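Chains as they are written, first to last, in the numbering used here: chain B, 272 to 543; chain S, 272 to 543.
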């Protein structure tokens, strides 16, 4: 039993989809969320810059005395693959392993697609992880950078014609590859999963990397005896790096389906 | 006569539209360009973060021993209004004054529109400048944040249906206001001026804030006797803050209509 919170880190808002899932599965856990809003988006940046940002974010969460850290951001996760090993002083997860495992279990024809930011796809982190788990599976990645901007600008909803056109354009790259499973390798993408699903068709299983990771982490913490046994619902503390917190509070409240205004605090991430 | 270069600063690539214009008007000038690619986009950030970024960028250009600095970025310009006065040790221009002056000269019905990033529109920097020049003019600003992403993802060209749909959506906000002049208050927007022009109709004059500023700066330098009299074409030195310079070089070469690969250098902007 461990009553400390769980740290969740993302470049911005997207990781809230993981928080929401964690709260569904493990309602008694406290969560410390950090969104690096002053420095987003991560998906178009180089590896060195990303790596220095991620280290600061992890240091911040570590100082908040959490019992485990989840890197919810697909881009940050893909940069960390190979850099973070057993030397971490506390349980630590990116979204790569759980989502890759789920894809391996879901595919029948051994053809898996991955969509993510440019940095995520360039890293081939999901492809390499799947290769380790099941070398016979063929993986094709397609960068969909504009999806992040569309979601952040509210171009969501099944009938959004702009997002649908952009999605048809991006997803046409899978046409000749015949996938039956598609990993949503970015925390923003579950918000447009309906459009992606319509275009890919019902024979393609969508894997929500955040949801799979939340399920995986819950199982791991339970197995390690690290769950919180308090008999009250856990709290979420939100921290962001941009002083302009209005937008995070507003869109975050929609994401979380509860008012988070007043619970969002600023942190000067350059001090970490 | 002053043979030092002219410093141009933008959050990323957009300011190259200003560089191109400067080279047309003043071919003998050397130019030092800085694109803060590690920390873009500026348009969605809070004022404090932006102000600290801008100060570092100006310090960097200042150390490059330039004779004048142009802030090509509409967002950075709008943040600087009111902050930068005659105490600057060298000639210094944002895109606000020249573009506002051009709009005042162009409008007949005294109704001017401004499009820009969220930060630019929120600041109302163009509106306040126009108010000083001609108080009878009514100004309406509309934030078009997704335009920046669309341009950066190559959704340009007059027949781009996605950009056209997004533009129709944003620009419909001007329908009942009856403008005859529209300021493109972001360096990215000239790349989709054809689409904006089609939607607004030929009775609306588009003001390219970068081009107006280049013309204005040329006249000012000439008047102050600061032009370079060397009898060779000037050089452009490109600096960016993200180590990943490939994309800047590639898209920058398209912007500049010449190969800039090999002329782009990295600068660690956090050291300034």
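Where a beta carbon is used, it is the ideal one built from N, C-alpha and C, also for glycine.
The structure displayed is predicted, hence computed values, not measured ones.
Query                                                                                                                                                                                  : Result
Check the Cβ-Cβ distances between residue 513 of chain B and every residue of chain S, and say whether any is below 7 Å.                                                               : yes
Under 6 Å Cβ to Cβ from residue 530 of chain B, same chain only, skipping five residues before and after it: list those, please.                                                       : 524
Would you call the stretch 497-516 of chain S and the stretch 409-424 of chain S in contact, with 3 or more CB pairs under 8 Å?                                                        : no
Within 10 Å of its beta-carbon, does residue 326 of chain B have 16 or more other beta-carbons around it, so buried, or fewer, so exposed?                                             : exposed
Run the CB neighbour count on residue 479 of chain B, radius 10 Å, all protein chains shown included, and call it buried at 16 or more, exposed below.                                 : buried
Would residue 506 of chain B count as contacting chain S if we go by Cβ distances under 7 Å?                                                                                           : no
Which partner residues of residue 411 of chain S appear in the DSSP bridge assignment?                                                                                                 : S:384
Within 7 Å of any Cβ in chain S, is that where the Cβ of residue 309 of chain B sits?                                                                                                  : yes
Starting from residue 458 of chain B and walking both ways along the beta strand (DSSP E), at which residues does that stretch end?                                                    : Neither: residue 458 of chain B is in no beta strand (DSSP E) and is coded neither H nor E.
According to a CB-to-CB cut-off of less than 7 Å, which residues of the stretch 426-450 of chain S neighbour chain B?                                                                  : 432, 433, 436 and 437
Could you work out which residue in S:463, S:427 and S:339 is closest to residue 495 of chain S when comparing CA atoms only?                                                          : S:339
Who are the near neighbours of residue 535 of chain S in its chain, counting only those whose CB is closer than 8 Å to its CB and skipping five residues on each side?                 : 509, 510, 511, 516, 519, 520 and 523
Output yes if chain S places a C-beta closer than 7 Å to the C-beta of residue 319 of chain B; else output no.                                                                         : yes
Going by the beta-carbon positions, is the gap between residue 309 of chain S and residue 352 of chain S smaller than 7 Å?                                                             : no
What beta strand (DSSP E) runs, 3 residues minimum, are completely inside the stretch 406-450 of chain S?                                                                              : 409-414
Name the one or two DSSP bridge partners that residue 479 of chain S has.                                                                                                              : S:455
Give me the Cα-Cα distance between residue 332 of chain S and residue 497 of chain B, rounded to the nearest whole angstrom.                                                           : 53 Å
Can you round the beta-carbon distance between residue 456 of chain S and residue 314 of chain S to whole angstroms, since I take them to be within the 8 Å contact cut?               : That pair is no contact at about 10 Å.
Just curious, the alpha helix (DSSP H) that residue 346 of chain B is in, first and last residue?                                                                                      : 345-351
For residue 339 of chain S, which residues does DSSP report across the bridge?                                                                                                         : S:277
Per DSSP, residue 365 of chain B forms a beta bridge with which residues?                                                                                                              : B:342
Who are the Cβ neighbours of residue 462 of chain B in its own chain at under 6 Å, not counting the five residues just before and after it?                                            : 422 and 427
For residue 477 of chain B, collect the residues of the same chain with a Cβ closer than 7 Å to its Cβ; drop the 5 residues on either side in sequence, then sort them by chain order. : 453, 455, 464, 467 and 468
Which whole runs of the alpha helix (DSSP H) in the stretch 487-542 of chain B are 4 residues long or more, in chain order?                                                            : 517-527
Report the rounded CA-to-CA distance for residue 299 of chain B versus residue 481 of chain B, giving the unit in angstroms.                                                           : 19 Å
Have a look at residue 370 of chain B and residue 277 of chain B and give me their C-alpha separation to the nearest angstrom.                                                         : 19 Å
How about residue 274 of chain S: is its C-beta nearer than 7 Å to some C-beta of chain B?                                                                                             : no
Within its chain, find whatever has a CB closer than 6 Å to the CB of residue 380 of chain B; leave out the 5 residues flanking it on each side and keep chain order.                  : 451
Would the beta-carbon of residue 337 of chain S fall within 7 Å of that of residue 485 of chain S?                                                                                     : no
Under 7 Å Cβ-Cβ, which residues of chain B neighbour residue 417 of chain S?                                                                                                           : 420 and 424
List, in order along the chain, the chain B residues whose C-beta lies closer than 7 Å to that of residue 316 of chain S?                                                              : 309, 513 and 515
Would a C-beta distance cut-off of 7 Å place residue 433 of chain S and residue 436 of chain B closer than the cut-off?                                                                : yes
Please return the same chain residues whose Cβ sits closer than 6 Å to the Cβ of residue 390 of chain B, not counting the five positions on each side in sequence.                     : 314 and 346
Measuring alpha carbon to alpha carbon, tell me which of B:438, B:341, B:312 and B:302 ends up nearest residue 491 of chain B.                                                         : B:341
Give me the residue from S:348, S:500 and S:447 with the minimum Cα distance to residue 281 of chain S.                                                                                : S:348
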